[in-house]
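Residue numbers (our numbering), protein chains in the order written: chain A, 73 to 486; chain B, 13 to 457.
Structure first, commentary second.
This is the structure:
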């Protein structure tokens, strides 16, 4: 990537709650807020921090499958619903499966590089309109449909169960499951510190033990992962502003309340081909290292990472793709506590996809909001210490089975 | 005839009823699952859902569709395998819709008995009426050349009598589901000496396939479940009648209902349970059982009185509770029927007085819903009853008398040969009545 023409920032992040099983408010038999509510709440949450809609030049909304979850296409049209001040301004909807949110951020970044000063980026998904068994059908759209027939009832969980199985075989099941169970515990413990998290109300005194003792059962679910290894079905939205220096000034946002975007990359793998090695995430590796190179830093400069743990095994594989652990040692790295909030490299500090929730199209934006919060000291009870010599954070947002990946590197303003 | 062949042509009598609809659902699913096996492709499976009520059958088909969908959603991994050869069915939703169709496609809702004339197996779930059952069995048996097997869901009529009076040559056994059959895991299996081994083996295989817990009961009127429940209910009624000498009708019923629920850590009080089953049904079962008893009178004037006044309990077709001894709002009891005033008196009018009379619970008290699902259930119950044993309040005293009587009823069922052992009695009460502990226990000893 060539040197960026302008400085880029993000600020004014906002998350709705991630609603679904686990939240006390969730009752599958009662009517719940719809797409409109989430888009509106998240959008207004960001507008309130940037001096209102008048300061917005363009908007972008990331969403995966409202067309099936909510029988609703044409989501760009919901942006002016957030505020009349957005009427007749540019608005784009982008889709890249579970990386739709990340792709919305990239689209916004490109708009700012092309001249816009302030872009409102929203990511949303409302999935609890159907039972999980049908959600699985919809989410299978993130894979190649020609492979659906031969796939698992829970298609994507099946894909990652196969990855976990290959990893077990190569590197040992017990050792790996210990790492996955620790990942689950970190997710739950972090989520308990974040009031918007889906697992905020989780009271299990021993999440790690529960996860480890729950032996995967292929007759009813998956061969190699249990339900706790999987992110849940979630409704939620997140929003953030992407700004130029001029944008920051117009919106009256001081640099210490913003993060600078110092590197980003997207990478795409052929959806019609299986991964070359089930035990590796090559697209994540590609995108993450390109983004780090763009930022001119290494993984050792990162204070925290939000990575796409749609399944616990995806967290472990991302650690290896990033280079924190050698191939085959990612689970040990987690088990040893290195990714915990007080560990060597705190990951998913508000719970990640397993703990905070995974409203698919919203996740990429939620990750950016979390990094913005951490680097600007706005994370409340979930705040971690950002060492002065490591002012960087990173997000990795994945669509499909390591098909579309968005990696972004953020720097705290000092 | 193999298991699969036996289930190729089945008839459920009384299919639109409370029990019949559940039996029909389970059987339809079992038959559809068989029809999906590769070796059964191309074979026709027929399940006649026979009922006299057209309206009931229309409701049955709706119930079936909803329930089969729920069942299908829970076994998607299995279903995808069963439909793996159907290239046109790709998504879970498509496969589930096809499966629902395949189950419904087996069922023939009918109002005439002729549909049973070609069945290999007849499930009977009609009214608990001996002469009606005998007449229908006889008619089917005389017109069906297949020498069909009859599985009756009777909860009280001795099987050997039905066998004898209908001339079935041992081709009948008791297969007693609990309400609701699709949910309740208990089946009381009552065989008679004339049953063939093949028939008994089939019954066990069928129950196992539906993941039922089978408890064998010997062929005495009421079997184990009603053998305990009817006597337990009579004890509750008699205890309430004793209290009525000093307290009003509503106060007495309130107190015994509370003792039999809360103090005994049961899912519902005895008067609520009578309402759940239906005052009319309880009265009827007692009437069926009573002629077979030598030293006891299974009869209650109070039940007759309420029945005559039109107070019957039971359930509406949607499963909601009808008013009986108690009045219900959103499924919860809120008032008690006062026969003198011919109306319901709200709990608020007397609950405080009665609660004070009964006295408080031991400190170790936990409600049934907490205890029953607790991993330390045994320890909790032991502590609770030990504490209760040391108390002399009216509530504790009535509870101890109640528990002792329940214990004696259970033991009586073993001693008189209705049940083979104490475990069977306890299993029936634990599984069929959702009790947290079996009646034959040592908690107060």
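Where is the CB? At the ideal position from N, CA and C, for every residue including glycine.
- As DSSP reads the structure, residue 119 (chain B) sits in a beta bridge with B:59.
- Under the three-state reduction of DSSP output, residue 209 (chain B) falls in the helix class.
- Counted as a single uninterrupted DSSP element, the alpha helix (DSSP H) harbouring residue 238 (chain B) occupies residues 237-255.
- Residues of chain B with a Cβ closer than 9 Å to the Cβ of residue 129 (chain A) do not exist, since the nearest Cβ in that chain sits about 41 Å away.
- Residues of the stretch 198-231 of chain A with a C-beta atom less than 7 Å from some C-beta of chain B are 203, 205, 206, 208, 209, 220, 221 and 225, listed in chain order.
- A contact between stretches requires three or more CB pairs, one per stretch, nearer than 8 Å, and the stretch 426-433 of chain B fails this requirement with the stretch 278-293 of chain B.
- The stretch 113-130 of chain B and the stretch 55-62 of chain B touch, with no fewer than 3 CB-CB distances between them shorter than 8 Å.
- For residue 453 (chain B), the closest of B:226, B:434 and B:186 by C-alpha to C-alpha distance is B:434.
- Within the same chain, and ignoring the five residues on either side of residue 142 (chain A) in sequence, the residues whose Cβ sits closer than 8 Å to its Cβ are 106, 107, 198 and 201.
- In the three-state reduction of the DSSP assignment, residue 161 (chain B) falls in the strand class.
- Look at the stretch 269-293 of chain A: the residues with a C-beta under 9 Å from a C-beta of chain B are 290, 291, 292 and 293.
- With its beta carbon at least 8 Å from every one in chain A, residue 45 (chain B) lies outside the interface.
- For residue 88 (chain B), the neighbours in chain A by C-beta distance under 7 Å run, in chain order, 205 and 225.
- Taking 8 Å as the cut-off, the beta carbon of residue 81 (chain B) is found closer than this to the beta carbon of residue 108 (chain B).
- In this structure, residue 427 (chain A) places its C-beta atom within 8 Å of the C-beta atom of residue 271 (chain A).
- Proximity to residue 173 (chain B) across B:190, B:134 and B:233 peaks at B:233, based on C-alpha coordinates.
- Per DSSP, the unbroken alpha helix (DSSP H) holding residue 172 (chain B) starts and ends at 171-178.
- In this chain, the beta strand (DSSP E) harbouring residue 340 (chain A) covers 330-340.
- Secondary structure within the stretch 368-428 of chain B: not one fully enclosed beta strand (DSSP E) run of 3 or more consecutive residues is present.
- Comparing C-alpha distances from residue 386 (chain B) to each of B:247, B:255 and B:449 shows the shortest one belongs to B:449.
- Inclusion of residue 137 (chain B) and residue 175 (chain B) in the CB contact set at 8 Å is not warranted, their separation being larger than that value.
- Here the alpha carbon of residue 375 (chain A) sits roughly 14 Å from the alpha carbon of residue 440 (chain A).
- Note that the stretch 414-423 of chain A does not touch the stretch 281-296 of chain A; fewer than 3 beta-carbon pairs, one per stretch, sit closer than 8 Å.
- Among the residues of chain A, those whose CB is under 7 Å from the CB of residue 85 (chain B) are 203 and 205, following chain order.
- Excluding five sequence positions before and after residue 384 (chain B), the CB atoms of its chain that fall closer than 6 Å to its own CB belong to 448, given in chain order.
- Residues 351 and 400 of the same chain have their beta carbon placed closer than 8 Å to that of residue 242 (chain A), with the five preceding and five following residues left out of the count.
- DSSP assignment within the stretch 404-482 of chain A yields the following whole alpha helix (DSSP H) runs of 4 residues or more, N-terminal first: 424-427 and 435-448.
- Secondary structure remark: continuous alpha helix (DSSP H) runs of at least 4 residues inside the stretch 275-317 of chain B, in chain order: 282-289 and 291-301.
- Taking the C-beta atoms as reference points, residue 448 (chain A) is found no nearer than 8 Å to residue 334 (chain A).
- Per the Cβ contact rule, the stretch 205-217 of chain A is in contact with the stretch 225-234 of chain A (3 or more Cβ pairs under 8 Å).
- Secondary structure note for residue 133 (chain A): its beta strand (DSSP E) is the uninterrupted segment 130-134.
- Within its own chain, the residues whose Cβ lies closer than 8 Å to the Cβ of residue 321 (chain B), once the five positions on either side in sequence are excluded, are 351 and 354, listed in chain order.
- Around the beta carbon of residue 442 (chain A), 16 or more other beta carbons lie within 10 angstroms, which makes this residue buried.
- About 17 Å separates the beta carbon of residue 253 (chain B) from that of residue 362 (chain B), a gap too long to meet the 8 Å contact definition.
- For residue 23 (chain B), the enclosing beta strand (DSSP E) stretches over residues 21-25.
- Taking CB atoms only, residue 29 (chain B) has no neighbour in chain A less than 8 Å away.
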